[in-house]
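Read the structure below first, then the notes.
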Amino acid sequence: MKFNIAAAQIQSHQADPHANLEEISQICQRKEVTTNPNTIVVFPELAVTGYLMHDDVFNLAEEVPTGPLSKKITKIAETNNCYLVIGIPEISVPGVLYNSAVFFGPEGFLGKGRKIFIPNHSVFNERRYFRSATTINVIESPFGKIGLQICYDLFSPEITRAHALLGAHTSICISASPGVRRQYFESFLPARAMENTINMVYVNQSGIQDDLVFWGGSEVRNATGKQVIKLKYDEPDFGIAQLDTDVRTARPFVPTLRDVPPWIYSKLEKDSQEL
Amino acid sequence: MNKIPPIDAPHSIKLIKDFIRIRVSEAGAKGVIIGLSGGIDSAVVASIAVRALGVEKVFVLFLPSDTTPNSDLKDVKSLCSQLNVKLTVIDIQKLINSYSEEIQEKEDPSLIEWANFKPRVRQTVLYFFANRLNYLVCGAGNKSELMIGYFTKFGDGAADILPIGDVYKTNVFQLGKYLNVPETILAKAPSAGLWKGQTDEAEIGMSYSQLDSILYGFERFQTEIDVADYLQIPIEEVQKIRSKLYQSEHKRRGPLIFKLGIRTPNIDWRIPLIKPSDV
């Protein structure tokens, strides 16, 4: 089954969900989206609130999917008959926040993935706000199983591998990556696609927030690692890529999932506990 | 109106004294220089600094201009007499006049550029003597002013240390009473003295008591509605302060440095303020 990924590389307004939702709505009204019902519009990490909202996150985070922002996004999906994957700060119980990627469709909320690797180095201060997810999951969508990951999660090959092992044909990574990290993401993305024979989608924030520039450069790779689209660096951009849910043709050539010995993971678990 | 809670004055003063002593020592400085205005903030800071370092290490100046009320000098003298510190008075009006003449612009205290010019001249004078003496410039900004940007960027906001920068104005009065600051200073309406008849509360548009209560609500992550409900005041009053809070964030940060490198000053190139012994 063919489906479309619309990479919406926006420059989010900081701590201004109303302005962001307006822009998100405008993008979902684009003809390329509304004329093809098999389209998932992918927005960056924390696209609803802006990445650098600092302590305002405590007031902006909401329960997903019952919060007011989630309801508005659901309405956007319903109105434009499209699917969205989008980043939003989520609150589970008071005081416990997650940096989440949420999947909405015309039929409503489809699922969410919470960020596992919470960066607190270099310019990142996320552990001040967010708890690490306690599980890895994939979303059952009308397009089959899709995994969601967020930015720094891509630095750890285990996440994408888990998505593939859980049956996902596509792993979507939403991101808010500043410029000095570009070479990492541009190396990891094709690697994750090839080593797992899985479609990879990467959508980054773009433009300046405070003292950081988000480098954009969103791209989509198919299950053989081939680049399908590449968006502009540093500024907002939009592009559509067609992907196939059927990744069977890639797998006999690179049968890593068949060949992975399970004992490796139990060994890793043990070794990582002894660090 | 629910006021912000009182602070533990003796304990807070002890901590501020330690802070001043340690910062002076670690900077390798010999003392602190403080511009006295005749108001409560600089009076409290000077009183604590004298207790922390002793009178011989605290250099105080009064830097009046044409818009400075005469009563301020009297109050400053009264404070210095109480603290037993030597006062230096330098009239900055001549500096302002010279500048006005050189740039061929007539001074108009009602204009923001001229209102801000005075604190910047004052800070230039303070830093002149700070460099000469190897002293730190000790600012007198309080938390209420800082959080709504009620100060001049690179003027009174320019200092090496701000010992009461985390103390709301309401609590500054409390410290002032505890420190026995002269009654005339405690009783007068707070004013930046940038033009004749100016008072802070008239310019801010509300009492410090209300301002501090609103800020205290925001500090505790309350929303605008929470704060308005709790304080039983119109939400517009709360929104006005939230607006000031955001509009002034640039004044509380150093100049923004745009990240291009691996580690960037003020962002993620962080080193201790204390110089290691091998450096």
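If you're matching them up, the sequences are chains P and U in order.
If you read the first sequence in the numbering used here, its first letter stands for residue 1, the second for the next number, and so on.
If you read the second sequence in the numbering used here, its first letter stands for residue 1001, the second for the next number, and so on.
Built from N, CA and C at the ideal position, the CB exists for glycine as well.
Being a predicted model, the structure only gives us computed values, none of them experimental.
Does residue i get closer than 9 Å to chain U when you measure Cβ to Cβ?
i, result
"Gly-179/P", "yes"
"Val-247/P", "no"
"Ser-122/P", "yes"
"Asn-59/P", "yes"
"Leu-212/P", "yes"
"Asp-234/P", "no"
"Ile-91/P", "no"
"Ile-208/P", "yes"
"Asp-237/P", "no"
"Asp-55/P", "yes"
Once you ignore the five residues that flank residue i on each side, which residues in its own chain have a CB closer than 6 Å to its CB?
i, result
"Val-247/P", "His-169, Thr-197 and Ala-223"
"Val-96/P", "Arg-131"
"Ser-70/P", "Val-64"
"Lys-230/P", "Glu-219"
"Ile-240/P", "Asn-4, Ala-6 and Glu-32"
"Pro-106/P", "Ala-77, Glu-78 and Asn-81"
"Ser-1100/U", "Glu-1107"
Confirm, please, whether the CB-CB distance from residue j to residue i is below 9 Å.
i, j, result
"Glu-1203/U", "Tyr-1150/U", "yes"
"Ile-146/P", "Phe-43/P", "no"
"Val-213/P", "Tyr-202/P", "no"
"Arg-182/P", "Tyr-233/P", "yes"
"Pro-1163/U", "Ala-1027/U", "no"
"Thr-1068/U", "Gly-1193/U", "yes"
"Lys-1244/U", "Ile-1112/U", "no"
"Val-1085/U", "Val-1058/U", "yes"
"Leu-257/P", "Leu-165/P", "yes"
"Asn-199/P", "Leu-243/P", "yes"
"Ile-1040/U", "Gly-1141/U", "no"
"Thr-49/P", "Asn-4/P", "no"
"Gly-113/P", "Ile-76/P", "no"
"Lys-1259/U", "Ile-1267/U", "yes"
"Lys-1118/U", "Ile-1103/U", "no"
"Val-1024/U", "Leu-1053/U", "yes"
"Gln-1093/U", "Pro-1064/U", "yes"
"Glu-126/P", "Ile-118/P", "yes"
"Ala-101/P", "Ile-136/P", "no"
"Ala-1046/U", "Leu-1079/U", "yes"
"Asp-210/P", "Gln-14/P", "yes"
"Leu-84/P", "Ile-172/P", "no"
"Lys-1143/U", "His-1250/U", "no"
"Ser-1191/U", "Gln-1198/U", "yes"
"Ile-1233/U", "Ile-1262/U", "no"
Beta-carbon within less than 8 Å of residue i's beta-carbon, same chain only, minus the 5 sequence neighbours each way: which residues are those?
i, result
"Ile-1235/U", "Glu-1224, Ile-1225 and Ala-1228"
"Phe-1019/U", "Ile-1161 and Pro-1163"
"Phe-17/P", "Sequence check: residue 17/P is Pro here, not Phe. Result list for Pro-17/P: Val-48, Thr-49, Leu-60 and Leu-69, in chain order."
"Thr-35/P", "none"
"Gly-359/P", "For residue 359/P there is no data in the structure shown, the boundaries of chain P being 1 and 275."
"Leu-110/P", "Tyr-83, Phe-103, Phe-104, Ile-139, Glu-140 and Ser-141"
Compare the C-beta of residue i with all C-beta atoms of chain P and state if any pair is closer than 9 Å.
i, result
"Gly-1261/U", "yes"
"Asn-1266/U", "yes"
"Phe-1258/U", "yes"
What does the Cβ neighbour count give for residue i, buried or exposed, with the cut at 16 atoms within 10 Å?
i, result
"Asp-1072/U", "buried"
"Ser-187/P", "exposed"
"Leu-154/P", "buried"
"Leu-1136/U", "buried"
"Gly-217/P", "buried"
"Leu-21/P", "buried"
"Gly-108/P", "exposed"
"Val-1279/U", "exposed"
"Arg-143/P", "The amino acid occupying residue 143/P in the given sequence is Phe; Arg does not appear at that position. Burial call: buried."
"Ala-963/U", "Since the displayed chain U opens at 1001 and closes at 1279, residue 963/U lies outside it and no answer follows."
"Lys-2/P", "exposed"
"Asp-1212/U", "buried"
"Ile-86/P", "buried"
Take residue i and list the residues in its own chain whose beta-carbon comes closer than 7 Å to its own, dropping the five residues that flank it on each side.
i, result
"Pro-37/P", "Asn-81"
"Ala-250/P", "Thr-197, Ala-223 and Thr-224"
"Val-1044/U", "Ile-1164, Val-1172, Leu-1175, Gly-1176, Leu-1179 and Val-1181"
"Pro-1265/U", "Ile-1257"
"Thr-245/P", "Met-1, Phe-3, Phe-143, Gly-144 and His-169"
"Ser-92/P", "Tyr-98"
Taking 8 Å as the cut-off, is the CB of residue i close to at least one heavy atom of the ligand HEM?
i, result
"Glu-140/P", "Of ligands this structure carries none, so the ligand HEM is not represented either."
Note down, in chain order, every chain A residue with its Cβ under 8 Å from the Cβ of residue i.
i, result
"Thr-1223/U", "Protein chains P and U are contained in the structure displayed, whereas chain A is not."
Checklist entry - Could you give the uninterrupted runs of the alpha helix (DSSP H) lying entirely in the stretch 1156 to 1205 of chain U, keeping only those of 4 residues or more? => result 1169 to 1178, 1183 to 1187 and 1200 to 1204
Next on the checklist: Restricting to runs no shorter than 4 residues, where is the alpha helix (DSSP H) found entirely within the stretch 57 to 111 of chain P?
Outcome noted: 57 to 60 and 68 to 80
Item to check | Length at least 3, wholly inside the stretch 1042 to 1108 of chain U: the beta strand (DSSP E) runs in chain order | outcome: 1058 to 1062 and 1087 to 1089
Next on the checklist: My parser needs the alpha helix (DSSP H) runs of 4 or more residues fully inside the stretch 1121 to 1161 of chain U; what are they?
Outcome noted: 1143 to 1148
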